[in-house]
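**Q** So the number in the working numbering is just where the residue sits in the sequence shown, counting from 1, plus 774. Pasting in a structure now, in structure tokens, and then I'll have a few things to ask.
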Amino acid sequence: MSEFTQELTMAMVVTQQSTENMEYVRRLLKQKQPGFAAALELAVDLVERDLESPEVPCDISPAVRS
């Protein structure tokens, strides 16, 4: 096995482990602190939307009631 192939394989293993760890932490957080988990998911969604189309403003402030 070439050095490049070994490095690529190792990178794939690390990526897979990272993905599994992230999923585990998200599941655990949803179980232990569902409100905080939901707030984090909302923040992630908003950042992703902003990165996809930064020209569209995204106002999440509560509506002003009179």
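Positions of the beta carbon are idealized from the N, C-alpha and C atoms, including for glycine.
1) Suppose you measure from the CA of Met786 to the CA of Leu802; what does that come to, to the nearest Å?
2) Helix or strand or just coil, what does DSSP make of Thr783?
3) Using DSSP with H/G/I as helix, E/B as strand and the rest coil, what is Ser792?
4) Just to confirm before moving on: does the CB-CB distance between Ala811 and Arg800 stay below 8 Å?
**A** In short:
1) Position 12 of the sequence shown, counted from the start, is the residue given in the question as residue 786. Position 28 of the sequence shown, counted from the start, is the residue given in the question as residue 802. In this model, Met786 and Leu802 are separated by some 24 Å (Cα to Cα).
2) For the purposes of this step, residue 783 is identified with residue 9 of the sequence shown, where counting begins at 1. It is helical.
3) In the sequence shown, counting from the first residue as 1, residue 792 sits at position 18. Helix.
4) For this step, residue 811 is matched to residue 37 along the sequence shown. For this step, residue 800 is matched to residue 26 along the sequence shown. Between Ala811 and Arg800, the C-beta spacing is below 8 Å.
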